[in-house]
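Read in order, the letters of the sequence shown are residues 1 to 341 in full-length UniProt numbering. Report on the following structure.
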Amino acid sequence: MIERVKFGLVGYGTGGRVFHAPLIASAANIEFAGVVTTSEERRAQVAEQLPGVETYDSIAALAAAGVQAVAISTPAATHAALAVEAIEAGLAVVVDKPFALDADTARKLVTTAEEAGVPLTVYQNRRWDSDFLTIRKLMEKGSLGTVRRFESRMERWAPDRLPGAAGGGTLLDFGSHMVDQALQLHGPAERVYAEVRGPDGGLDDDWFMALHHTSGVESHLWGSWRQAGPGPRFRVTGTAGTYISPELDYQETLLKGGKTPAKLADRWGVEPEHRWGHLFRGATGAPVESCRGRWDSFYPAVAAAVLGEGPMPVDPWDSVRAMEILDAARRSAATGTAVPL
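Put into structure tokens, the structure is as follows:
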């Protein structure tokens, strides 16, 4: 019999319902034990979509029911306080991104968890995107030569959709993923330049960032809700070739369509061939088979860590370093100058 961790989820909005619950429920070493929500509408959704999973009014009630770990998927402004509450209850914690609203808060949260001896990690699920894993594989094989420029975009055309104040804005939302990916591939950055735009009286909904890495790689990152002609998801240029991946990883589409790792098994995260990226050398491009996306590996790894069988899948200090860059990006946008890190 496999040992299973009793797991809870705080929040059942789009994030909790679409991006967390199906993956928690699909993990073989997890018993999905409860959802914290005070909304009657959300409670009804839990009853319909997660038969047998109880709902609770608070993290304290969830802990009293014997839960060992909890994932927090609520508006970003509430992440830190809820994580501290869970840590004080002795629960291992997964915090959705953005980890916090600024680096100081993130740093204090990691220190609090370490002092309490409680495992803490951050839901940087896009480390397991199909295209990201493919880029890493190409770099390891030397197919690109020495990488010079890394371009990453999360651009959409939804100009009427304004970021909510509790979410921190598009720089924080998209940037939490994109900066983390850039650091994972190319190492520490030593300066940042950013341009940030948003409607009068609203939070940012369009931004550009340039990171200069100590390794010499230049990362150019774009995030937008008002880009009518989105560019490719990734373009990675090296001395031997350029890899272009056109679209956002398919796992988000699968989850939004009601598909789960439990239902698809080994077919989970497999990109259709027409979505594969291409490796170019001049005008000649050849398709590159995409690595299988593995968001389904995150929660099993968390449960294994809770059982003492390995590390958490994401070191929370990585997210602190990413938050430091996002803080610097805001300073750069305000002053119009590059900011050293």
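Yeah, the Cβ is synthetic: ideal placement off N, Cα and C, and Gly gets one too.
What's the gap between the Cα of residue 18 and the Cα of residue 255? 6 Å
Could you give the distance in angstroms between the alpha-carbon of residue 144 and the alpha-carbon of residue 58? 50 Å
For residue 339, tell me which candidate among 213, 224, 193, 319 has the shortest Cα-Cα distance. 193
Looking at the secondary structure, which residues open and close the beta strand (DSSP E) in which residue 259 lies? No beta strand (DSSP E) holds residue 259; DSSP gives it neither H nor E.
Same chain, Cβ closer than 6 Å to residue 314, five either side skipped, listed in chain order: 121, 122, 124
What separation, rounded to the nearest whole angstrom, lies between the Cα atoms of residue 167 and residue 174? 11 Å
Just confirm the distance between the C-beta atoms of residue 276 and residue 128, as a whole number of angstroms; I'd bet it's less than 8 Å. Contact flag wrong, Cβ pair sits at about 17 Å.
Beta strand (DSSP E) segment containing residue 207, residue limits: Boundaries of the beta strand (DSSP E) around residue 207: 206-213.
My assumption, with CB atoms under 8 Å, is that residue 67 sits in contact with residue 8. Please give the rounded CB distance. In this structure, residue 67 and residue 8 form a Cβ contact; the two beta carbons are roughly 4 Å apart against a cut-off of 8 Å.
Looking at C-alpha atoms only, which residue of 43, 11, 131, 37 is the closest neighbour of residue 278? 131
Touching by the beta-carbon criterion (3+ pairs, under 8 Å), the segment 210-228 and the segment 151-162: yes
Can you give me the start and stop residues for the alpha helix (DSSP H) that residue 175 sits inside? Element bounds for residue 175: 170-186.
Of the residues 69, 32, 25, 205, which one's Cα is nearest the Cα of residue 312? 69
Where does residue 137 fall in DSSP's three states? helix
When DSSP builds the beta bridges, which residues end up paired with residue 153? 222
Can you tell me where the alpha helix (DSSP H) holding residue 287 begins and where it ends? Counting along the chain, residue 287 falls outside any alpha helix (DSSP H), though it belongs to the beta strand (DSSP E) covering 284-288.
Roughly how many whole angstroms lie between the Cα atoms of residue 290 and residue 298? 19 Å
8 Å Cβ shell around residue 60 - same chain, five flanking residues per side excluded: 85, 89
Using CA atoms only, rank isn't needed, just tell me which of 10, 161, 302 is closest to residue 74. Answer by Cα proximity: 10.
Roughly how many whole angstroms lie between the Cα atoms of residue 317 and residue 79? Rounded to the nearest whole angstrom, the CA to CA distance from residue 317 to residue 79 is 16 Å.
Can you give me the Cβ contacts of residue 42 inside the same chain, cut-off strictly under 6 Å, excluding the 5 residues immediately before and after it? 12
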